[in-house]
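Numbering (the UniProt record's numbering), first residue to last: 1 to 701.
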Amino acid sequence: MNANSLQTPIVYLKGVGPNRAETLQSELGIHTFQDLLNLFPNRYIDKTHYYKIGQLQRSNADVQIIGKIVHLKTVEQKKGKRLVASFVDDTGEMELVWFRGQKWIRENIKLNTPYVIFGKCNWFNGKFSMPHPEMELLKDHEQGLKVVMQPVYPSTEKLSNKGISNRVISKLVQQIFVESKGRFTETLSEKLLFELKLLPKSESLFNIHFPKNQELLAKAQFRLKFEELFYIQMQLIAKNMLHKQKIKGFNFDQVGTIFNEFYKSHLPFELTGAQKRVIKEIRGDLGSNAQMNRLLQGDVGSGKTIVAVMAMLLAIDNGFQACLMAPTEILANQHYTGISELLEGTGITCSLLTGSVKKSARKPIHEQLESGELQILIGTHALLEDKVKFKNLGLAIVDEQHRFGVAQRSRLWHKNDIPPHILVMTATPIPRTLAMSLYGDLDVSTIDELPPGRKPIKTVHRFDSNRLKVFQFIRDEIKKGRQIYIVYPLIQESEALDYKDLMDGYESIARDFPLPDFQISIVHGQMKPADKDYEMERFVKGETQIMVATTVIEVGVNVPNASVMIIESAERFGLSQLHQLRGRVGRGADQSYCILMTGNKLSTEAKTRLQTMVHTNDGFEIAEVDLKLRGPGDIMGTQQSGVLNLKIADIVKDNDILKTARYHAMQLLKDDSSLEKPENLVIRHAYSQLVKYKNIWNYIS
Ligand code: ADP
Ligand code: MG
Numbered sequence: 001m002n003a004n005s006l007q008t009p010i011v012y013l014k015g016v017g018p019n020r021a022e023t024l025q026s027e028l029g030i031h032t033f034q035d036l037l038n039l040f041p042n043r044y045i046d047k048t049h050y051y052k053i054g055q056l057q058r059s060n061a062d063v064q065i066i067g068k069i070v071h072l073k074t075v076e077q078k079k080g081k082r083l084v085a086s087f088v089d090d091t092g093e094m095e096l097v098w099f100r101g102q103k104w105i106r107e108n109i110k111l112n113t114p115y116v117i118f119g120k121c122n123w124f125n126g127k128f129s130m131p132h133p134e135m136e137l138l139k140d141h142e143q144g145l146k147v148v149m150q151p152v153y154p155s156t157e158k159l160s161n162k163g164i165s166n167r168v169i170s171k172l173v174q175q176i177f178v179e180s181k182g183r184f185t186e187t188l189s190e191k192l193l194f195e196l197k198l199l200p201k202s203e204s205l206f207n208i209h210f211p212k213n214q215e216l217l218a219k220a221q222f223r224l225k226f227e228e229l230f231y232i233q234m235q236l237i238a239k240n241m242l243h244k245q246k247i248k249g250f251n252f253d254q255v256g257t258i259f260n261e262f263y264k265s266h267l268p269f270e271l272t273g274a275q276k277r278v279i280k281e282i283r284g285d286l287g288s289n290a291q292m293n294r295l296l297q298g299d300v301g302s303g304k305t306i307v308a309v310m311a312m313l314l315a316i317d318n319g320f321q322a323c324l325m326a327p328t329e330i331l332a333n334q335h336y337t338g339i340s341e342l343l344e345g346t347g348i349t350c351s352l353l354t355g356s357v358k359k360s361a362r363k364p365i366h367e368q369l370e371s372g373e374l375q376i377l378i379g380t381h382a383l384l385e386d387k388v389k390f391k392n393l394g395l396a397i398v399d400e401q402h403r404f405g406v407a408q409r410s411r412l413w414h415k416n417d418i419p420p421h422i423l424v425m426t427a428t429p430i431p432r433t434l435a436m437s438l439y440g441d442l443d444v445s446t447i448d449e450l451p452p453g454r455k456p457i458k459t460v461h462r463f464d465s466n467r468l469k470v471f472q473f474i475r476d477e478i479k480k481g482r483q484i485y486i487v488y489p490l491i492q493e494s495e496a497l498d499y500k501d502l503m504d505g506y507e508s509i510a511r512d513f514p515l516p517d518f519q520i521s522i523v524h525g526q527m528k529p530a531d532k533d534y535e536m537e538r539f540v541k542g543e544t545q546i547m548v549a550t551t552v553i554e555v556g557v558n559v560p561n562a563s564v565m566i567i568e569s570a571e572r573f574g575l576s577q578l579h580q581l582r583g584r585v586g587r588g589a590d591q592s593y594c595i596l597m598t599g600n601k602l603s604t605e606a607k608t609r610l611q612t613m614v615h616t617n618d619g620f621e622i623a624e625v626d627l628k629l630r631g632p633g634d635i636m637g638t639q640q641s642g643v644l645n646l647k648i649a650d651i652v653k654d655n656d657i658l659k660t661a662r663y664h665a666m667q668l669l670k671d672d673s674s675l676e677k678p679e680n681l682v683i684r685h686a687y688s689q690l691v692k693y694k695n696i697w698n699y700i701s
């Protein structure tokens with residue numbers, strides 16, 4: 001069956017009809033033959049084994065049993081009638097139960113005749129019972145196609161209520177195979193099939209729906225996953241290539257005196273290998289005539305700032321301005337302070353622009369920016385205001401990108417006729433290939449190495465009932481001259497309850513750590529920026545020993561003397577947030593600690609999060625667990641990116657296949673970017689079909 005006939009509306013498939021067609025559409029999004037063919041089973045049930053009633057275990061999931069119905073009765077109950085059959089084999093007796101469709105069963109079931117039943121067993125009133133079993137006469141079962149592994153298709157309550165059971169779906173899929181004689185147009189080239197030893201399309205489709213054995217099933221799955229990921233990658237890479245051709249960028253071909261001088265005389269430490277590599281990648285982009293659009297990911301504390309600074313120096317060496325935008329005032333301030341320090345003695349001009357910079361102070365900044373006198377501007381969203389006009393912005397850096405949407409990124413772009421180079425930095429790392437698939441048009445650089453000499457942070461989980469011991473530990477650390485963070489969840493800054501928790505917590509801490517021996521800072525989202533800064537400052541300067549805060553301190557804040565991070569109600573935080581918070585300590589030479597406080601009641605997922613935190617400091621590992629727990633949908637605005645629409649591949653579990661697919665898509669497009677070679681005709685055709693029927697556009701936001 002070719003791609004066009006597969007676009008036939010599902011209503012025309014024998015056995016469907018208008019009613020079923022409507023249900024299939026609304027419940028499973030199946031509009032065409034193709035859609036049904038691409039409805040892949042979630043799992044398979046081993047049908048080679050027949051259970052005996054006497055062997056059933058309470059943990060048994062789906063079982064298949066041969067036996068006879070010896071008796072049928074209707075039982076009245078408050079909520080309505082149910083039909084109960086007693087079903088026996090030579091080892092025992094159990095019940096089959098129907099709540100719906102009782103009339104049909106009564107009229108059609110044959111007593112004392114061997115059946116094969118299939119379904120889930122419950123243990124109920126001292127007996128096994130199976131609600132709504134799938135049933136087939138033993139003699140039909142023996143004649144029929146021997147299904148080794150029965151596919152289980154996605155289902156919904158409405159589907160089963162409307163009688164579209166798993167069996168019905170399987171029958172409909174069979175019908176497509178009958179009508180097409182099982183032949184479907186190949187969608188991958190000979191070369192790929194050969195090189196990767198892939199199963200042909202028709203065979204893959206057959207074995208995904210009606211596996212002949214485990215081995216063929218595995219091969220079919222591999223091929224179909226590969227195909228799905230391959231075409232997404234083709235699309236993304238093609239888009240990226242197009243972007244590079246269309247969008248010219250400033251060419252920073254000079255690695256001039258400013259960069260070199262800084263490298264020689266101002267660098268406060270030796271760069272790590274990873275930092276050097278990443279700077280090289282950025283330099284490559286900046287000198288390539290095309291606009292850079294790069295994501296720089298590196299774990300908290302991996303040293304992204306210095307990379308940003310050196311990229312800005314490249315811009316300045318080529319006569320351009322640069323800016324750095326941070327998501328919060330606290331962070332912008334810190335960047336400004338840190339970067340000003342780094343630039344001391346270089347003669348480079350650098351200013352700070354945030355919402356709380358006074359009008360009178362803004363004016364000179366605006367002027368110097370327009371004249372080109374000001375070379376580096378650091379700030380918050382305030383940089384995006386229309387009044388802020390650069391003379392020649394060559395590089396825009398966005399820190400902690402998950403706080404910024406794509407829309408904001410592109411506003412930065414439109415400050416010039418030619419867009420500046422863009423570097424986006426994030427401390428929520430995700431596997432590289434995944435990042436490429438999610439962001440598509442962004443290239444990715446990764447700092448995968450921490451600066452030397454860092455002591456891994458020791459992380460423990462403590463229950464609230466151990467609070468006194470934890471407080472004693474805090475006291476001991478403060479005696480050693482260390483500082484402490486205590487963080488409360490404030491998921492929504494407006495949530496009154498959270499706010500109350502924070503204030504209660506603050507009061508109890510103030511009682512246990514009284515003045516004048518102890519000084520406490522408090523920072524939360526309901527404070528005025530100026531008050532926040534004041535409190536932050538006191539902590540940064542070491543005037544206070546304890547910082548009680550909400551997650552406003554999550555991002556970026558750098559106080560090397562702080563060695564203990566206590567997270568209250570830690571079960572309420574997501575993994576990446578916990579990891580970010582922990583990253584606030586461990587920045588100095590001292591051993592640092594992270595204490596996760598929780599109540600006694602914890603969900604399984606919360607336990608996994610806490611265990612993961614205790615077990616590892618590695619941001620990539622944490623990101624992977626996080627992905628597995630939450631799915632990619634929640635991460636950094638990926639909702640629209642469509643990776644959730646995958647039909648068979650799993651972007652996390654199938655990362656290796658994704659890599660392979662990306663590699664081959666890249667090779668192919670490098671070699672034959674317009675897919676003109678005869679051997680690539682198959683791919684060209686399949687690709688244009690996908691685009692034509694919009695399937696692939698779902699993946700692209
Ligand atoms: P992040 O990637 O979280 O933004 P920062 O850039 O703030 O990390 O760096 C964290 C700390 O590590 C800073 O105090 C910085 O000065 C220091 N640092 C960065 N790179 C190095 C290096 N190569 N060697 C030693 N210290 C470094
Ligand atoms: Mg940072």
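Where is the CB? At the ideal position from N, CA and C, for every residue including glycine.
Given the structure is predicted, the values throughout are model-derived calculations rather than measurements.
Quick one: what's got a C-beta closer than 6 Å to residue i's C-beta in the same chain, skipping five residues either side?
i      : result
ASN695 : For ASN695, the pLDDT reaches just 46, beneath the cut-off of 50, and the residue's location in the model is therefore unreliable, leaving the point undetermined.
THR598 : ALA570, GLU571
SER576 : THR428, ASP626
ALA649 : LYS225, GLU228, LEU229
ILE478 : GLN545
PHE201 : Here the sequence assigns Lys to residue 201, which means Phe is not the residue at that position. Contacts found: PHE184, GLU186, THR187.
Note down, in chain order, each residue of its chain lying with its Cβ closer than 8 Å to the Cβ of residue i, except the 5 sequence neighbours on either side.
i      : result
LYS162 : ASN19, ARG20, THR23
LYS171 : GLY15
PRO456 : GLY586, ASN617
GLN7   : THR32, PHE33, GLN34, TYR693
ASP317 : PHE252, GLN254, VAL255, GLY256, THR257, ILE258, PHE259
GLN25  : ILE10, HIS31
LEU111 : LYS68, ILE69, VAL70, HIS71, LEU72
Might you give, ordered along the chain, the residues of its own chain that have their beta carbon closer than 7 Å to the beta carbon of residue i, omitting 5 neighbours on each side?
i           : result
ALA238      : LEU669
residue 740 : Outside the displayed span of the chain (1 to 701) sits residue 740, for which this structure offers no information.
ASP634      : For ASP634, the pLDDT reaches just 49, beneath the cut-off of 50, and the residue's location in the model is therefore unreliable, although a value from the coordinates is still provided. Contacts found: none.
THR113      : LYS68, LEU137
Based on DSSP bridge pairs, tell me the residues matched to residue i.
i      : result
TRP98  : LEU83
PRO131 : VAL97
ASP399 : MET425
GLN64  : PHE118
HIS461 : LEU596
GLN577 : Note: GLN577 sits in no beta bridge, so no partner.
May I ask you to check if the CB of residue i is nearer than 6 Å to at least one heavy atom of the ligand ADP?
i      : result
LYS304 : yes
PHE269 : yes
THR272 : yes
GLY542 : no
GLY345 : no
PRO451 : yes
GLY301 : yes
GLY372 : no
GLY298 : yes
Would a C-beta distance cut-off of 7 Å place residue i and residue j closer than the cut-off?
i      : j      : result
CYS350 : ILE376 : yes
SER521 : MET547 : yes
ALA322 : ILE282 : no
SER86  : GLU76  : no
LYS47  : GLN150 : yes
VAL152 : PRO41  : yes
ASP315 : ILE397 : The residue you asked about is not Asp; residue 315 is Ala in the sequence shown. Their beta carbons are not under 7 Å apart, which means ALA315 does not touch ILE397 by this criterion.
TYR336 : LEU313 : no
HIS461 : LEU602 : no
GLU676 : LYS191 : no
LEU690 : TYR231 : yes
GLY54  : GLY92  : yes
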